[in-house]
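One structure is given here, and the rest of the page talks about it.
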Amino acid sequence: MDTEHILEMRGITKTFPGVKALADVTLAVRRGEIHAICGENGAGKSTLMKVLSGIYPHGTYEGDIVLDGEVQEFRGIRDSERRGVVIIHQELALSPYLSIAENIFLGNERAERGVMDWNRTNAEAARLLARVGLAERPDTRVSDIGVGKQQLVEIAKALSKEVRLLILDEPTAALNDEDSAHLLGLIRGLRDEGITSIIISHKLNEIEAIADTTTIIRDGQTIESLDMRGSEPVTEERIIRGMVGRPLDHRFPDHTPSIGEEVLRIEDWTVHHPVDQTRKVVDRASLTVHRGEIVGLAGLMGAGRTELAMSVFGRSYGTRISGRLYKDGQEITATTVQQAIAHGIAYATEDRKRFGLNLIDTVQHNVSAAALGKLARRGVVDREAESTVAEGYRQELNIKTPTVTALVGKLSGGNQQKVVLSKWIYADPDVLILDEPTRGIDVGAKYEIYTIINRLADAGKGVLVISSELPELLGVCDRIYALSQGRVTGEVARADATQEHLMHFMTMDKDGIAR
Amino acid sequence: MSTTTDVNVPSPTPPGTPRVPLGQRLQGLGGNARQYGIFGALVVIILLFQVLTDGKLLLANNVAALFQQNAYVMILAIGMVMVIVAGHIDLSVGSVVAFVGGVVAVTMRDPIGLPWIAAVLVGLAVGAMVGAWQGFWVAYVGIPAFIVTLAGMLVFRGLALVIVGETLAGLPPAFIRISKGSLPPWLNYVGNMDGVTLVIGALAVAAIVLTQVRARRSLRRHDLHVEALGLFVTKLAAIAVGIGILTVILSFSAGGTPIVLVIVGVLVVAYSFLMGRTVFGRHIYAIGGNRSAAALSGVSTRRVDFWIFVNMGLLAGVAAIVTTARAGAAIAAAGQNFELDAIAACFIGGAAVTGGIGRVSGAIVGALIMGVLNMGLSILSVDPAWQMAIKGFVLLLAVAFDLLNKRRAGTQ
Numbered sequence: 000m001d002t003e004h005i006l007e008m009r010g011i012t013k014t015f016p017g018v019k020a021l022a023d024v025t026l027a028v029r030r031g032e033i034h035a036i037c038g039e040n041g042a043g044k045s046t047l048m049k050v051l052s053g054i055y056p057h058g059t060y061e062g063d064i065v066l067d068g069e070v071q072e073f074r075g076i077r078d079s080e081r082r083g084v085v086i087i088h089q090e091l092a093l094s095p096y097l098s099i100a101e102n103i104f105l106g107n108e109r110a111e112r113g114v115m116d117w118n119r120t121n122a123e124a125a126r127l128l129a130r131v132g133l134a135e136r137p138d139t140r141v142s143d144i145g146v147g148k149q150q151l152v153e154i155a156k157a158l159s160k161e162v163r164l165l166i167l168d169e170p171t172a173a174l175n176d177e178d179s180a181h182l183l184g185l186i187r188g189l190r191d192e193g194i195t196s197i198i199i200s201h202k203l204n205e206i207e208a209i210a211d212t213t214t215i216i217r218d219g220q221t222i223e224s225l226d227m228r229g230s231e232p233v234t235e236e237r238i239i240r241g242m243v244g245r246p247l248d249h250r251f252p253d254h255t256p257s258i259g260e261e262v263l264r265i266e267d268w269t270v271h272h273p274v275d276q277t278r279k280v281v282d283r284a285s286l287t288v289h290r291g292e293i294v295g296l297a298g299l300m301g302a303g304r305t306e307l308a309m310s311v312f313g314r315s316y317g318t319r320i321s322g323r324l325y326k327d328g329q330e331i332t333a334t335t336v337q338q339a340i341a342h343g344i345a346y347a348t349e350d351r352k353r354f355g356l357n358l359i360d361t362v363q364h365n366v367s368a369a370a371l372g373k374l375a376r377r378g379v380v381d382r383e384a385e386s387t388v389a390e391g392y393r394q395e396l397n398i399k400t401p402t403v404t405a406l407v408g409k410l411s412g413g414n415q416q417k418v419v420l421s422k423w424i425y426a427d428p429d430v431l432i433l434d435e436p437t438r439g440i441d442v443g444a445k446y447e448i449y450t451i452i453n454r455l456a457d458a459g460k461g462v463l464v465i466s467s468e469l470p471e472l473l474g475v476c477d478r479i480y481a482l483s484q485g486r487v488t489g490e491v492a493r494a495d496a497t498q499e500h501l502m503h504f505m506t507m508d509k510d511g512i513a514r
Numbered sequence: 000m001s002t003t004t005d006v007n008v009p010s011p012t013p014p015g016t017p018r019v020p021l022g023q024r025l026q027g028l029g030g031n032a033r034q035y036g037i038f039g040a041l042v043v044i045i046l047l048f049q050v051l052t053d054g055k056l057l058l059a060n061n062v063a064a065l066f067q068q069n070a071y072v073m074i075l076a077i078g079m080v081m082v083i084v085a086g087h088i089d090l091s092v093g094s095v096v097a098f099v100g101g102v103v104a105v106t107m108r109d110p111i112g113l114p115w116i117a118a119v120l121v122g123l124a125v126g127a128m129v130g131a132w133q134g135f136w137v138a139y140v141g142i143p144a145f146i147v148t149l150a151g152m153l154v155f156r157g158l159a160l161v162i163v164g165e166t167l168a169g170l171p172p173a174f175i176r177i178s179k180g181s182l183p184p185w186l187n188y189v190g191n192m193d194g195v196t197l198v199i200g201a202l203a204v205a206a207i208v209l210t211q212v213r214a215r216r217s218l219r220r221h222d223l224h225v226e227a228l229g230l231f232v233t234k235l236a237a238i239a240v241g242i243g244i245l246t247v248i249l250s251f252s253a254g255g256t257p258i259v260l261v262i263v264g265v266l267v268v269a270y271s272f273l274m275g276r277t278v279f280g281r282h283i284y285a286i287g288g289n290r291s292a293a294a295l296s297g298v299s300t301r302r303v304d305f306w307i308f309v310n311m312g313l314l315a316g317v318a319a320i321v322t323t324a325r326a327g328a329a330i331a332a333a334g335q336n337f338e339l340d341a342i343a344a345c346f347i348g349g350a351a352v353t354g355g356i357g358r359v360s361g362a363i364v365g366a367l368i369m370g371v372l373n374m375g376l377s378i379l380s381v382d383p384a385w386q387m388a389i390k391g392f393v394l395l396l397a398v399a400f401d402l403l404n405k406r407r408a409g410t411q
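Heads up: the sequence lines are chains A and B, in that order. For the first sequence, the positions run 0 to 514 when numbering that gives the first Met the number 0 is used. For the second sequence, the positions run 0 to 411 when numbering that gives the first Met the number 0 is used.
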């Protein structure tokens, strides 16, 4: 028995009709380590993990999965879980209206001949919660706790299955820094208890901090395996070089702004939570955007960035909204999305799949969705003109799709994002609010998105960029506002901005005292 | 994946030489392939019953009767497919048919005694008002359509009983002709064939060929992707032959072209255009595909929902007129299970249960498949109980087949 490696995947090849997703991939995970897998979107990381966990059953791929020296033939996720391999997906798989305890033992109930043993369920759940450091009662409904805590429930659930190899797909993507730090600490703690983890992440600083080994996958092939604890420290740049196959000299395009008149001004904007109407989600926020200017909005999770943007965009979020909105110096009202669009305001969502695209429709229909009126005469759509418009954006923004009549759902994340951008560029707004425009997009496509943002500014539009990645804001924006607990706590010009400076404002509490 | 500032701009595709690899071309066909599949299924079922019934299925009078018997399903299915694409359902249409039928009959008979055309208009208006009532609850109050129309099913059945009692017979012959009559023989007979029918068939073929050729030419002119010439010609030829055969058979029938066929034909053309070419139609697909994304793109989802139900009510009114005319009387129990026929037609025709996908043409073909099954089994004197069971299986198989197909072609 191979004692050094808990897992070896040898020569894994997985083919989908017309596409080779994995070609002869090799992965060797040592017992008791934290093993990171890096790669651009579409490189094959998730496919590899689906092969490992039996979601793609034995026989649908070539190659061997060797666990503890034995070749495994998983026919489904139950088989892999029986051997202690548990995968936690990026989109959490918890049932929102069940309690934490019920979720932990879902499919694995603590029961006596089909009758639930609630005392055992709750008691064991409480022990698991203590182990993951989650201070919640086991009978709390999952929908009542935040994403960070839900992630911990997922881990508790994995522990209940006596996990030996834990696979985490982008575990911190939706978490704020505090929750991320807690989660990473927990993974380290589990390592000390002997649980091996495989972690897929785009956040290279986290990988640098936590991983013992990093395997890089590119275009469905294993490129290299880096020992992160070797004599020579592995830098983010080093990992990026492996991921993109070339050194990334500059991650942000050069841009010289030409800033014009004020185009949007928000004054004393206050928004209350739609359910808990006494809670202020945005609190007397004021900001301005000029033509040709790229303005950043920084803030931790829950700071109210998206809520501010969506409430400005036709009151798509929140209740009891107050404050004033000025467009080109004139006060305007925009209580519906239609009015906001008519006033030249556009908002590209952070959640493409849920709020941005009709995935079961074509590229061209998605591109035209926000400005169909421009393509129609007396309510009849000019389909040729529509195709021509979409084709134009396909070429201009380099959207990788065979035709504009292909379904948007089949495109990669970066190309889907370009479709969202095309939609709003075609609507020809004066102000574009881009909420996390590069979330879940690989490094190369990010550069293209930045280029598009620069071009929009050069065309005289005001751009407001919301991002959780501070380097991105620093690399792209001319001016950055920091938000904390719904308040604008700071405004920094590009020249003065550093990550530390911004973080200082982002962690200020609402009375302006640094935490 | 370029680190250069210049965005790579590929040269435009030269006309007629698509650079798209074959696999992706077939994938692009995806939406259409399903359509061809359902047409194929209809042809197979027709041929099957043609053989099983020793050629009785396609006798001229049977074909005319097929349309007269099933016009109501096709009319309701047009409205239903729009409701389903938007992600709703309407369980009330059968009851609405009975209710509106009663209204039409009452307005035509003494003491009101309006002329039949006026009664028809009243019926359409009442249908639209019923739709507006349900649309209000769905769109502006936010009650799921399943509940609203389940309530409507009871409410309008009850109201039908109130105004009709049991049966209201004695309707004007001109009204009854809507369902039982055919277009008058304005033109001479060619041999035994009705000239009017032949001319209509020829015009239909010419119109389809002309619009398709023009659409193709326009795509070409804009350097956009067009389907292969061979496929295009084959498709047009198949349509032309299909309509040609139908025309010739109908021209031998006792009356020529049934009036309801004209009504259905006009509705199919008009609603295909509405769904495929207009902003309103596009908004329906957008809402069904992703309601939040549509709303954040500036689509007024409530207004669209409202008008979809108004339209469903209007079409239920049309179906009520056709049904009442065919029965020669308003019957309180009319329209039983009509909602299920219409829903089944939509799903057999490829509409997605989750919304966002579905076509008028598919729903019509779905209705025809059910109609041919009905007629074929009746000619074979199959017990009505078994007919019902067989139709149930066909519905299940059609949707299962569709699902398996999608899964096989599915995303990774």
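We put the CB at the ideal spot given by N, CA and C, even for glycine.
Decide if residue i is buried, meaning its Cβ has at least 16 other Cβ atoms within 10 Å, or exposed.
i	result
Phe-272(B)	exposed
Phe-145(B)	exposed
Ala-168(B)	exposed
Asn-336(B)	exposed
Ala-494(A)	exposed
Gly-191(B)	According to the sequence displayed, residue 191(B) carries Asn and not Gly. Exposed, by the Cβ-count rule.
Asp-109(B)	exposed
Gly-27(B)	Residue placement at Gly-27(B) is flagged as unreliable, the pLDDT there being 40, under the threshold of 50; a coordinate-derived value is accordingly withheld.
Asn-373(B)	buried
Pro-383(B)	exposed
Val-274(A)	exposed
So which residues of chain B does residue i contact, with C-beta pairs closer than 7 Å?
i	result
Val-336(A)	Ala-294, Leu-295, Gly-297
Ser-315(A)	Leu-295
Glu-390(A)	Leu-223
By the criterion of Cβ-Cβ separation under 9 Å, what are the contact partners of residue i in chain A?
i	result
Ser-217(B)	Arg-382, Glu-383
Asn-289(B)	Lys-352, Arg-353, Phe-354, Gly-355, Leu-356, Asn-357, Leu-358, Ile-359, Asp-360
Arg-406(B)	Residues of chain A passing the Cβ test: none, with the nearest at roughly 12 Å.
Could you spell out the range, first to last residue, of the beta strand (DSSP E) harbouring residue i?
i	result
Ile-86(A)	84-87
Ala-297(A)	293-298
Gln-276(A)	Unbroken run through Gln-276(A): none, as it is neither H nor E.
Listing by chain order, which chain B residues have their CB less than 8 Å from the CB of residue i?
i	result
Ala-369(A)	Ser-296, Gly-297
Ala-375(A)	Thr-277, Val-278
Give me the Cβ distance between residue i and residue j, rounded to the nearest whole Å; I'm assuming they're in contact under 8 Å.
i	j	result
Leu-412(B)	Ala-63(B)	Because chain B here runs from 0 to 411, residue 412(B) falls outside it and cannot be looked at.
Val-403(A)	Val-362(A)	5 Å
Pro-428(A)	Ala-345(A)	4 Å
Met-81(B)	Ala-366(B)	The Cβ separation is near 14 Å, so there is no contact.
Leu-47(A)	Leu-21(A)	6 Å
Taking C-beta pairs closer than 9 Å, name the residues in chain B that residue i reaches, listed in chain order.
i	result
Ser-411(A)	By Cβ distance, chain B contributes nothing, its closest Cβ being about 11 Å from Ser-411(A), past 9 Å.
Val-379(A)	Phe-272, Arg-276, Thr-277, Val-278
Ile-340(A)	Ser-296, Gly-297
Thr-387(A)	His-221, Asp-222, Leu-223
Could you check where the alpha helix (DSSP H) with residue i kicks off and where it finishes?
i	result
Arg-215(B)	194-220
Cys-345(B)	337-347
Arg-304(A)	304-311
Ala-131(B)	115-134
Gly-334(B)	Run containing Gly-334(B): none; DSSP gives neither H nor E here.
What residues from chain A crowd round residue i, counting only those whose CB sits closer than 8 Å?
i	result
Ala-285(B)	Asn-357, Asp-360, His-364, Ala-368
His-87(B)	Within chain A, no residue comes near His-87(B); the closest Cβ sits about 17 Å away, beyond 8 Å.
So residue i contacts chain A; which residues on that side make the cut at Cβ distance below 7 Å?
i	result
Ile-356(B)	Ile-359
Checklist entry - Which residue spans inside the stretch 140-222 of chain A form an unbroken alpha helix (DSSP H) run of at least 4? => result 146-159, 176-191, 203-209
Item to check | Every unbroken alpha helix (DSSP H) within the stretch 247-307 of chain B, with a cutoff of 4 residues, ordered by chain | outcome: 258-276, 278-288, 290-295
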